[in-house]
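Numbering (my numbering), first residue to last: 8 to 258.
For every residue, glycine included, the Cβ atom is placed at its ideal position computed from N, Cα and C.
To start, the structure itself, in structure tokens.
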Amino acid sequence: MKHLDLFSGIGGFALAARWAGIETVAFCEIEDFPRKVLAKNFPGVPIHRDIHDLDGSEYAAVDLITGGYPCQPFSVAGNRRGSRDPRHLWPEMLRVIKQARPAWVVAENVKGHVTLGLDTVLDDLESEGYTAGAVIIPACAVGAVHRRERVFILANASSLGHDKGSTARSYASTDDSRRAEGAKENRQHERRGSIREILDRGGCEIGTWGAKPPAIRVDDGLPNRVDRIRALGNAIVPQVAYEILRAISAA
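Written out as structure tokens, the structure is:
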């Protein structure tokens with residue numbers, strides 16, 4: 008499988024993809040310090056800087072797109088302006104998905120996304136013919152010593168046995184608005200269980216990790232400490248993503 012990673016940060020999704028036997032063919036990351044980390048750990052893999060300038064049609068051959076689009080519009084730690092926040096970049100990720108048309112999409116965001124914006128994201132994916140669902144997985148589910156609850160969104164172009172786009176066309180073709188609304192409600196109900204089916208089919212398991220990270224936020228003499236802490240704060244837990252990507256690969 009080929010993988011395009013958006014909002015890459017320090018490469019959490021790419022690391023999980025490597026563990027799952029999936030090849031990352033390109034990144035997109037705007038900040039300088041994470042770009043240096045990506046270049047060091049994934050030499051030779053192109054790194055696009057600005058998602059606004061990324062043409063998804065160049066990656067029409069990829070099987071998987073991942074991305075942890077900015078959480079500030081949805082986080083309870085901020086003003087929660089949603090789509091009115093200039094950092095609201097889900098529309099750009101959706102544009103790339105439309106252009107590339109991968110079989111699989113995995114996105115990540117904060118828990119606050121559940122009550123602000125998540126249904127719009129799922130509706131956007133379903134309007135493009137994807138079967139989509141979301142689940143909250145904390146870091147402690149894979150043995151970490153903190154919760155770090157994050158929403159993971161899975162979308163598959165053929166989960167229901169349809170070709171790409173056929174689901175969207177089937178709902179758009181009806182003239183009965185009540186029937187269309189009922190179909191939408193049914194999809195919203197079904198997609199909440201679809202992610203578990205995908206994970207179960209792929210043999211997803213919740214495991215543990217052996218090593219605890221050393222204490223941070225102290226003067227340990229390491230360079231770029233502020234940059235490193237910020238990058239870690241923005242990063243996903245790759246052990247969680249690995250279980251999802253391993254299940255996708257198996258499915």
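Residue Gly16 holds the alpha-carbon nearest to the alpha-carbon of arginine 42 among Leu61, Ser134, Gly16, Asp57.
DSSP places asparagine 241 in the helix class (H, G or I) of the three-state scheme. Taking the Cβ atoms as the reference, alanine 146 lies roughly 12 Å from phenylalanine 159, outside the contact range of under 8 Å. In this structure, glutamate 156 lies near lysine 118, with their beta-carbon atoms less than 8 Å apart.
Bounds of the alpha helix (DSSP H) holding glycine 19 are 19 to 26. Beta-carbon to beta-carbon, alanine 27 and tyrosine 66 are separated by about 19 Å, too far to satisfy the 8 Å threshold. Taking C-beta atoms as the reference points, leucine 45 and glycine 63 fail to come closer than 8 Å. The beta carbon of valine 112 lies closer than 7 Å to those of Ile72, Ile104, Leu132, Tyr137, Ala162 in the same chain, with the five residues before and after it left out.
Taking C-beta atoms under 8 Å as the contact rule, histidine 10 and glutamate 30 qualify, at a distance of about 6 Å. For alanine 114, DSSP records a beta bridge to Gly74, Ile160. A Cβ-Cβ contact shorter than 8 Å links alanine 23 with leucine 252. Just measuring C-alpha positions, the residue of Glu135, Ala254, Ser90 sitting nearest glycine 124 is Ser90. Around the C-beta of proline 50, fewer than 16 other C-beta atoms lie within 10 Å, and the residue is accordingly described as exposed. Between the C-alpha atoms of aspartate 39 and alanine 258 there is a straight-line separation of about 36 Å. Residue state for phenylalanine 49 is assigned as coil, using DSSP reduced to three classes. Separation of arginine 102 and aspartate 57 (C-alpha to C-alpha, rounded to the nearest whole angstrom) is 13 Å. Restricting attention to Ala164, Cys78, Ile37, the CA atom closest to the CA of serine 134 is found in Ala164.
Around the Cβ of alanine 114, a 10 Å sphere holds 16 or more other Cβ atoms; the residue is buried.
In the DSSP assignment, threonine 138 falls within the unbroken beta strand (DSSP E) covering 138 to 144. Annotation: isoleucine 236 to serine 256 spans about 31 Å, alpha carbon to alpha carbon. DSSP places leucine 13 in the strand class (E or B) of the three-state scheme.
Pairing glycine 74 with leucine 13 gives a Cβ-Cβ distance under 8 Å.
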